[in-house]
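The structure appears right after this line, and notes come after that.
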Amino acid sequence: MAKILIFCETQGNSLKTVALEMATKINQYPGHIVDAVFIGNVPAEATTQLAQRGVNKIFSLKSSLTSYSPEGYAKLISSLVKENGHDYCFAGATSMGKDFLPRASSALKAPLASDVTNFIFEGDTFFGTRPFFAGKCLAKVEFKTTGPKFISIRPNALGLEGVCKESSPNVEEKQISLDSLRAIVKEVVKGTSEKADLTEANIIVSGGRAMKNSDNFKILHELADVLGATVGASRAAVDSGYAAPAMQVGQTGKTVSPSLYIACGISGAIQHLAGMRTSKIIVAINSDPEAPIFTKADYGIVGDLFKVVPLLTEEFKKLLS
Amino acid sequence: MEIFVCVKQVPDTETKIIPKSDGSFIEESQIKWIVNPYDEFAIEQALLIKALKPDTTTVTVIRVGQTRDSEALRNAMAMGADEAILVEANDNLDSLSVAQALKAAIEKSGKKPDLILTGKQAIDDDCLQVPQILAELLNMPSVSVAVAMEFQESQITVKREIEGGALEIYNCPLPAVISCNKGLNTPRYTSLPGILKAKKRPLTTLNLAELGVEAPKILYSNFKLPPEKPAGKKFMALEDKDITGAVQQVVQLLRTEAKVI
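Protein chains in written order, with this note's numbering: chain E, 1 to 321; chain W, 1001 to 1261.
In structure tokens, the structure reads:
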């Protein structure tokens, strides 16, 4: 029986879905004690969501922190793991998780398996799968230590399926003192899009060099709005100035795992495929029937994207109204 | 001022990845090795800072890896780095061991680091750990995924990119470890004079065994290709008369067959 801690990241007043993905998956392996930890307050809804997934106890760590701090979060989480003797500490491989978790794990000289996309437990032993070379291959990851072990899980990789055993967790507040922090966040400048980040989006509509200019991305935004999707771009489109760098999907951009990826005018270079090949369903629109993207697409439309995309928007509008 | 830049040599992005038959790693004989693209932003940033006070700033590049990795170090020196350190080690170290080796090598150099720069991630393992671990081991602050940096004498202002293209703006005192993202700067090309100069610059080789690093606590195995998808359905819509039909069919299939809408 292992003692497991799940770091719960919030966005506004909601729990990030990756925390629920982890709790659901871990719950498929009964017999472990699973705690959750929040830095700061616990949103009321989160307690219910975690109870539905068999969480034993919810820690609410209070300190002098008023905003995110890599050193602060690392200190709080590593202190809790050490004090409570957790065997495993899970967190989502989000911007925040990828940033502070390595500090937390190394503070305890513990290993961290990062960006894990699937796992099983055999008794108390964790076996994970993670991508290498931007997803061009997969590898098994396991630990060789008796001390605490840290794992970051890629958002959207596990999904939320799984029958869970419920529980009635209590919330325990803990006050932890922090030394003065050195790197301080002075300001957060919001991004231009209100939509989900590409790495967490459920549906993505992406444009390639065939978009010809940045104004034409408007038709992709219209399609995305109907679907509740986030808009991405290939490197070629970004390098040509048609889309912002933060929109780039690919080996040197973002790696995404949506349920649906619609690639518009994207040829399908290896580096782009590396960033989106784990999408559950891929739709490709390209006027070249030999474009490599069609080898990875579940559904392909060989045609002019400027004619196809607006029609897609119309049809989805009809379907979803 | 002492600046250290940690670099890695990785397979070129065009490389076809072939797992070894025993799954222990990938076939390495056909690989074209390049400097990790994100590390180029780190090297360039170090050189930009050095340009502010060239006579009193030293840029040392450092790599924990195989002997062939001295190529990446010579490349960095061709761009303008002053010195290089190679810690010879096998590639099966985990992030914690690599960071411990980097720390030991930096300490052994006798130089007191003011700033340590790295790429935000290596494009071979995408672990995104070493910079932050190194900072923790050296008891320094860290800011990762830096897309902008303003350098003052004893502190820096760093813009960090997070989800949704949002930016966290940090004030960070030195010494610090900063990991660099695309957009921070435009890495310079190496010139022939630079390449020739690089051959004469000092490259110190250390052996991992002399640095007191722990054995790796993570084991990677069973490298294999991801499962292939079955072939998809393709609808021809090059003629105007076929477009509506193709679109309607795909939308229906996305609902009824794929069940994603």
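The C-beta atom is built at its ideal place from N, Cα and C for all residues, glycine as well.
This one's a predicted model, so the numbers in the text were calculated from it and none came from an experiment.
Item: For GLN52/E and PHE1151/W, the rounded distance between their alpha carbons; Value: 49 Å
Item: Residue-chain proximity (LEU1219/W, chain E), Cβ-Cβ < 8 Å; Value: yes
Item: Closer than 9 Å at the beta carbon, the chain E residues around LYS1008/W; Value: None at all; the shortest Cβ gap to chain E is about 13 Å.
Item: Residue burial classification, LYS25/E (beta-carbon count within 10 angstroms, cutoff 16); Value: buried
Item: Segments of 4+ residues assigned as alpha helix (DSSP H) that fall wholly inside the segment 219-291 of chain E; Value: 235-239, 270-276
Item: Residue burial classification, PRO1289/W (beta-carbon count within 10 angstroms, cutoff 16); Value: Chain W is shown from 1001 up to 1261; residue 1289/W falls before or after that span and cannot be answered.
Item: Short-range partners of chain W found in the segment 100-111 of chain E, where Cβ spacing is below 9 Å; Value: PHE100, LEU101, PRO102, ARG103, ALA104, SER105, SER106, ALA107, LYS109, ALA110, PRO111
Item: is_contact[PRO148/E, chain W] using C-beta, thresh 8 Å; Value: no
Item: Beta-bridge partners of VAL1010/W, as assigned by DSSP; Value: ILE1034/W
Item: Identity of the residues DSSP links to GLU1083/W by a beta bridge; Value: THR1060/W
Item: Inter-residue spacing [alpha-carbon to alpha-carbon] between ARG196/E and LYS1197/W; Value: A small fix is needed here, since residue 196/E is Ala in this sequence, not Arg. Each residue's Cα considered, the two are about 48 Å apart.
Item: Interface positions of the segment 143-170 of chain E facing chain W (Cβ-Cβ less than 7 Å), listed along the chain; Value: PHE143, LYS144, THR145
Item: For ARG1255/W, the first and last residue of its enclosing beta strand (DSSP E); Value: It is not in any beta strand (DSSP E) - ARG1255/W instead sits in the alpha helix (DSSP H) that spans 1240-1256.
Item: Interfacial residues, the segment 207-218 of chain E to chain W, with Cβ spacing under 9 Å; Value: none
Item: Residue range of the unbroken beta strand (DSSP E) whose run includes ARG1160/W; Value: 1155-1161
Item: Within 8 Å, strictly: CB atoms of ALA74/E and ALA107/E; Value: yes
Item: Range covered by the alpha helix (DSSP H) that runs through LYS1112/W; Value: Here LYS1112/W belongs to no alpha helix (DSSP H), and DSSP marks it neither H nor E.
Item: Backbone CA spacing between GLY135/E and THR1056/W [nearest angstrom]; Value: 43 Å
Item: Chain-ordered neighbours of ASN1171/W on chain E, where CB pairs are closer than 8 Å; Value: ALA183, ILE184, LYS186
Item: Other residues of its chain near GLY159/E: CB distance less than 7 Å, five sequence neighbours each side excluded; Value: GLU21
Item: Cβ contact (3+ pairs, closer than 8 Å) linking the segment 1085-1092 of chain W and the segment 1114-1122 of chain W; Value: no
Item: Start and end residues, beta strand (DSSP E) containing ARG182/E; Value: Looking at the DSSP string, ARG182/E is not in any beta strand (DSSP E), and its letter there is neither H nor E.
Item: Chain E residues whose Cβ lies nearer than 7 Å to that of ILE1031/W; Value: What ILE1031/W touches in chain E: nothing, since even the nearest Cβ is about 10 Å away.
Item: Residue range of the beta strand (DSSP E) that includes ASN170/E; Value: 170-175
Item: Contact set for ALA201/E: own chain, Cβ-Cβ below 6 Å, skip 5 residues either direction; Value: THR230, PRO258
Item: Within-8 Å CB hit, ARG1255/W to chain E; Value: yes
Item: Host beta strand (DSSP E) of PRO1193/W (start-end); Value: No beta strand (DSSP E) contains PRO1193/W, which is instead part of the alpha helix (DSSP H) from 1192-1200.
Item: Terminal residues of the beta strand (DSSP E) in which LEU1219/W lies; Value: 1218-1224
Item: Own chain partners of LYS62/E with C-beta closer than 8 Å, once the 5 adjacent residues on each side are dropped; Value: GLY40, GLU173, LYS174, GLN175, ILE176
Item: Residues bridged to PHE133/E [DSSP beta-bridge criterion]; Value: Partner(s): none; PHE133/E has no beta bridge.
Item: Same chain, Cβ closer than 6 Å to ALA1237/W, five either side skipped, listed in chain order; Value: ILE1243, ALA1246
Item: Limits of the alpha helix (DSSP H) - the one that ASP124/E falls within; Value: Unbroken run through ASP124/E: none, as it is neither H nor E.
Item: Below-8 Å beta-carbon distance, TYR354/E vs any chain W residue; Value: Nothing in the structure corresponds to residue 354/E, since chain E is present only between 1 and 321.
Item: Straight-line gap, GLU1168/W to LEU101/E (C-alpha atoms, nearest Å); Value: 18 Å
Item: Distance CB(GLN1248/W)-CB(GLU222/E) smaller than 8 Å; Value: no
Item: Same chain only: Cβ atoms within 7 Å of LYS1262/W, ignoring 5 sequence neighbours per side; Value: Coverage of chain W is limited to positions 1001 through 1261, which leaves residue 1262/W absent and any answer about it impossible.
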